[in-house]
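Below is one structure, written out as structure tokens, with a few remarks after it.
Residue numbers (the numbering used here): 1 to 402.
Given below as structure tokens:
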């Protein structure tokens with residue numbers, strides 16, 4: 001009998017068993033590594049029986065907003081208007097006692113009833129104007145947002161579609177101004193009602209002192225006085241809410257007219273600028289100097305001051321508007337009462353060239369001043385002057401802030 005170790009068939013079985021065992025160990029090792037690197041797909045808790053703690057993170061204000069802003073609008077949101085529905089307390093009717101004081105009570109009761117009917121009509125007019133103002137505001141802001149979004153994406157200068165939308169926004173803003181006028185007229189009418197209610201209340205109080213009254217007359221006077229006092233308070237609240245609405249909406253309409261002017265300038269150049277400079281309240285702080293083109297030489301400085309903006313008119317169409325707007329906006333954020341000096345600087349050359357450059361530089365300065373006006377900057381904050389001849393090879397307009 002042959003020895004098992006020397007038997008070739010036995011050797012082959014031993015080698016096959018060893019290979020199988022080695023492959024099994026290798027596969028087992030790969031399974032172990034995979035289990036560590038990849039998550040388990042079973043429903044078992046990977047931490048054992050210990051419960052998993054989950055922390056609920058509330059949504060941010062922007063995430064929870066059901067109506068997010070899809071594009072930058074140059075207009076500001078319309079200030080909220082009052083929402084009170086003014087309901088009169090009513091007048092308690094009672095039979096006349098037949099006395100002189102009783103007749104006076106009947107007369108004043110009728111005057112109070114007539115006054116309350118007028119107040120009810122004023123309230124109906126107020127609610128109608130508020131509805132109209134809300135609808136006009138929604139149309140206006142929708143149109144302005146569409147124009148602003150298109151400008152942000154970029155478009156052709158003077159795009160006729162945007163011009164048409166701007167005209168529609170102007171019409172909607174005029175309607176909103178008419179609504180403010182209606183509120184103002186209504187406030188004047190309510191002021192007259194307020195004076196009438198105060199006079200009626202004083203008359204009721206004076207009637208107590210008349211002679212020839214019975215107890216029933218004084219009882220009816222007491223009820224009438226209470227109802228008149230409530231009417232006086234209601235009218236005062238109505239007048240106060242109207243006055244607040246008129247003041248807020250008037251300021252809002254004025255600001256939006258300036259924003260529309262700036263939006264018109266943006267449509268002309270096909271690029272979004274931003275809100276009107278006259279309405280800027282807060283902007284990013286920090287000093288930054290903008291130039292429309294790279295300066296080949298040191299800029300001319302008036303009185304040793306460093307210009308806020310240097311615009312080199314070295315070609316036909318210099319795209320300076322956005323840079324100018326940004327610089328002036330930041331200057332107004334740092335100094336709301338800032339005044340700007342626009343200085344025309346002509347390029348040097350022969351005597352004839354210098355004279356021609358000076359005329360062209362002044363025209364460029366006037367162009368920059370008109371751009372600032374289109375951006376909503378009041379003319380009282382802008383001064384224009386000629387700064388002589390500079391060393392640069394092109395005409396310049398420099399803007400200084402003080």
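Note that beta-carbon positions come from the ideal geometry of N, C-alpha and C, so glycine has one too.
Whole-angstrom distance between residue j and residue i, CA atom to CA atom
i: residue 241; j: residue 190; result: 11 Å
i: residue 332; j: residue 377; result: 10 Å
i: residue 251; j: residue 137; result: 15 Å
i: residue 115; j: residue 243; result: 20 Å
i: residue 366; j: residue 263; result: 20 Å
i: residue 338; j: residue 205; result: 58 Å
i: residue 363; j: residue 327; result: 21 Å
i: residue 165; j: residue 178; result: 20 Å
i: residue 180; j: residue 208; result: 43 Å
i: residue 155; j: residue 309; result: 26 Å
i: residue 231; j: residue 246; result: 22 Å
i: residue 131; j: residue 124; result: 11 Å
i: residue 355; j: residue 141; result: 49 Å
i: residue 312; j: residue 148; result: 28 Å
i: residue 361; j: residue 253; result: 36 Å
i: residue 99; j: residue 81; result: 48 Å
i: residue 103; j: residue 94; result: 11 Å
i: residue 196; j: residue 106; result: 17 Å
i: residue 161; j: residue 271; result: 14 Å
i: residue 258; j: residue 351; result: 43 Å
i: residue 219; j: residue 121; result: 30 Å
i: residue 403; j: residue 325; result: No statement about residue 403 is possible, as the shown extent of the chain runs from 1 to 402 and does not include it.
i: residue 146; j: residue 236; result: 41 Å
i: residue 157; j: residue 353; result: 32 Å
i: residue 307; j: residue 188; result: 51 Å
Cβ distance (whole Å) where residue i is taken to contact residue j below 8 Å
i: residue 398; j: residue 321; result: 16 Å between Cβ atoms; not a contact.
i: residue 151; j: residue 266; result: 5 Å
i: residue 347; j: residue 395; result: 5 Å
i: residue 126; j: residue 221; result: So it is not a contact: roughly 31 Å between Cβ atoms.
i: residue 139; j: residue 172; result: 5 Å
i: residue 216; j: residue 97; result: 5 Å
i: residue 382; j: residue 369; result: 6 Å
i: residue 405; j: residue 239; result: No answer is possible for residue 405: it lies beyond the span of the chain, which begins at 1 and ends at 402.
Coil, strand or helix - residue i by DSSP
i: residue 330; result: helix
i: residue 65; result: Because residue 65 carries a pLDDT of 44, less than 50, the predicted location of this residue cannot be relied on, and no value is offered for it.
i: residue 144; result: helix
i: residue 341; result: strand
i: residue 73; result: Low confidence applies here, because residue 73 scores a pLDDT of 41, under 50, leaving its location unreliable; read the following figure in that light. Residue state, collapsed to three classes: coil.
i: residue 128; result: helix
i: residue 384; result: strand
i: residue 395; result: strand
i: residue 312; result: strand
i: residue 400; result: strand
i: residue 352; result: helix
i: residue 346; result: strand
i: residue 236; result: helix
i: residue 208; result: coil
i: residue 320; result: coil
i: residue 271; result: coil
i: residue 305; result: coil
i: residue 221; result: helix
i: residue 82; result: coil
i: residue 335; result: coil
i: residue 376; result: coil
i: residue 161; result: helix
i: residue 184; result: helix
Contact under 9 Å by Cβ, residue i with residue j
i: residue 129; j: residue 182; result: yes
i: residue 314; j: residue 393; result: yes
i: residue 343; j: residue 380; result: no
i: residue 260; j: residue 163; result: no
i: residue 153; j: residue 273; result: no
i: residue 388; j: residue 318; result: no
i: residue 349; j: residue 357; result: yes
i: residue 330; j: residue 78; result: no
i: residue 176; j: residue 133; result: yes
i: residue 234; j: residue 101; result: no
(message) Could you check whether the segment 107 to 117 touches the segment 196 to 211, counting it as contact only if at least three pairs of C-beta atoms, one from each stretch, sit closer than 8 Å?
(response) yes
(message) Quick check: the segment 85 to 94 against the segment 213 to 231, are at least 3 beta-carbon pairs closer than 8 Å?
(response) yes
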